[in-house]
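Numbering (this note's numbering), first residue to last: 67 to 291.
Note that beta-carbon positions come from the ideal geometry of N, C-alpha and C, so glycine has one too.
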């Protein structure tokens, strides 16, 4: 074999090996990106603020892969007022239950540090969630509301409010939010009625959302029902 031919053969083998390695890396990265970018959690939590009422509603379905393991999980929690004059707080979560309860415990600690200051407590929790080596591994999203403000908290350090009074998280959140935006200006419908109607629409469209709803409301005085 001539030297040039031998070199071309070796170059061809090298290119083949490089292409195979690149393909393997691409496949691994592709699988990793799909798993790490799966931000949707199998549930739907919706918060509606209209007039003098705030309503948070969540479904009860718990899924493990493509199997339903529970129908009536409680994904909405109420935090009692720390003192007279403070508003009660309602929270809802999507994602890992253990992670969500860890975050709710941290939120209550922040509320003890900053009583009556939900905005400050949420910002401090988001800062810790973003920077703490342990908390940053937690996979959940939270909705938090009192009689004045509503927020969505994420592991990216976000504390998001809404201009139209509508917040949602979970796999069915796009359907619930779209329905709520269509109903928010309908005369005669209060926040609870809008939330229930929107969640029924989301449950019809999202396979990870059922109609076993848990509903919590807060009035303008911060009292819950």
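Practice problem: Figure out for me which residue from 228, 283, 270 and 257 has the closest Cα to the Cα of residue 116. | Solution: As a first step, residue 116 is located in the chain shown; it is residue number 50 there, counting from the start. Of 228, 283, 270 and 257, the residue nearest in Cα terms is 257.
Self-check item: Simplified DSSP assignment, three categories, for residue 246
Solution: Residue numbering aside, residue 246 sits at position 180 when the chain shown is read from its first letter. The three-state reading of DSSP puts residue 246 in helix, counting H, G and I together.
Self-check item: Beta-carbon separation (whole angstroms), residue 44 vs residue 234, contact threshold 8 Å
Solution: With the chain running from 67 to 291 in the structure shown, residue 44 is simply not present.
Quiz item: Taking Cβ positions only, does residue 286 come closer than 8 Å to chain C?
Solution: Absence of chain C from the displayed structure is noted, only one protein chain being present.
Quiz item: Between residue 206 and residue 239, which are expected to be in contact by the criterion C-beta below 8 Å, what is the C-beta distance as a whole number of angstroms?
Solution: Your numbering for residue 206 matches position 140 in the chain shown. Your numbering for residue 239 matches position 173 in the chain shown. Contact between residue 206 and residue 239 is absent: CB atoms are separated by about 14 Å, not below the 8 Å threshold.
Exercise. Grab me the residues of residue 261's own chain with a C-beta within less than 6 Å of its C-beta, minus the 5 sequence neighbours each way, in chain order.
Key: Mapped onto the chain shown, residue 261 falls at position 195. 112, 114, 121 and 123, listed in sequence order.
Exercise. Just the C-alpha distance for residue 135 and residue 289, rounded to the nearest angstrom, thanks.
Key: The residue you call residue 135 lines up with position 69 of the chain shown. The residue you call residue 289 lines up with position 223 of the chain shown. When rounded, the distance between both Cα atoms is 34 Å.
Exercise. Kindly list the residues whose CB is nearer than 8 Å to the CB of residue 250, restricted to its own chain and excluding five residues on each side of it in sequence; keep chain order.
Key: Residue numbering aside, residue 250 sits at position 184 when the chain shown is read from its first letter. Cβ within range, chain order: 114, 116, 230, 231, 232 and 260.
Quiz item: Between residue 216 and the rest of its own chain, which residues show a CB-CB distance below 8 Å, the 5 nearest in sequence each way excluded?
Solution: Here residue 216 corresponds to residue number 150 of the chain shown, with the count starting at 1. For residue 216, the CB contacts under 8 Å within the same chain, skipping 5 residues up- and downstream, are 113, 115, 120, 209, 210, 227, 228, 231 and 233 in chain order.
Quiz item: In angstroms, rounded to a whole number, what distance separates the CA positions of residue 273 and residue 142?
Solution: In the chain shown, counting from the first residue as 1, residue 273 sits at position 207. In the chain shown, counting from the first residue as 1, residue 142 sits at position 76. Rounded to the nearest angstrom, the two C-alpha atoms are 20 Å apart.
Quiz item: Unbroken beta strand (DSSP E) runs of length 3 or more, entirely within the region 134 to 190: which are they?
Solution: DSSP runs (the beta strand (DSSP E)) wholly in the region 134 to 190: 142 to 145 and 155 to 161.
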